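A short write-up of the structure that comes next.
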Amino acid sequence: MKWLLFLYPWLELWSLIELGTQTSATSAMLWVFGAGVLGIGLFRLAGRQTLEHLQQAQREGVLSQQLLMGNVSRFVAGVLLIIPGLISDVLAVAVLIAPLRMLLAKLLVGGSINAQHNPYQGQGQGQGESFGFQTGPGHRRFEDDGVTLEGEFQSVSPEQEGEDREASAPLEHQPPEPD
């Protein structure tokens with residue numbers, strides 16, 4: 001794996017050089033520029049949609065599989081398109097195509113992803129894809145928007161208030177007396 005990380009930039013550079021020699025240097029530069037612009041657009045669109053869906057999922061208490069596989073895959077594809085090189089562009093296209101996306105996910109995770117059964121899926125009835133959030137009958141979402149402050153307190157009666165206030169009054173700085 002360490003070798004792959006070391007070789008990856010060299011393979012990307014080699015692929016761009018080969019593209020330039022097979023076609024022309026101008027077409028290779030146009031390819032990199034076009035893929036970068038497309039990647040930035042996809043990155044911005046997916047980022048905005050993912051943020052909106054995450055906020056909605058937070059309000060509802062349900063994180064859907066569509067959010068994880070759809071918007072995040074567009075986000076990853078955008079990042080891959082921004083990276084100059086043909087290998088990252090081919091990977092970006094593979095991430096955008098749904099069957100290839102699932103195949104790549106199985107290869108990366110080790111085959112534990114299954115569209116029908118997800119080990120992280122919650123047990124809520126009728127909630128479908130909740131990914132570990134406690135939802136459904138018997139689990140209600142806490143709707144309090146209040147602020148919780150933690151700390152210690154000491155009850156003080158009105159009689160003690162005057163006595164304690166003098167003892168705990170802030171000290172004033174007194175300049176030292178000259179000798």
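Using our numbering, the first residue of the sequence shown is number 1, and each one after it goes up by one.
Think of the CB as a built atom: it goes at the ideal place given N, C-alpha and C, for glycine as much as any other residue.
These figures come from a predicted structure and were not determined experimentally.
Sub-8 Å separation of residue i and residue j beta-carbons
i: Leu-16; j: Ala-28; result: yes
i: Val-93; j: Leu-104; result: no
i: Leu-100; j: Asp-89; result: no
Local Cβ density within 10 Å of residue i, reported as buried at 16 or more and exposed below that
i: Leu-30; result: exposed
i: Ala-180; result: Any answer about residue 180 is impossible in this case: the structure gives the chain only from 1 up to 179.
i: Gly-78; result: buried
i: His-117; result: Low confidence applies to His-117: its pLDDT is 46, below 50, so where it sits in the model is not reliable enough to give any reading.
Extent of the continuous alpha helix (DSSP H) run through residue i
i: Ser-27; result: 25-60
i: Pro-9; result: 2-22
i: Leu-91; result: 86-96
- Item | Inter-stretch contact at 8 Å, needing at least 3 Cβ pairs: the segment 80-98 / the segment 3-21 | yes
- Query: Taking one C-beta from the segment 68-79 and one from the segment 38-47 each time, how about it: are there three or more such pairs within less than 8 Å?
  - Reply: yes
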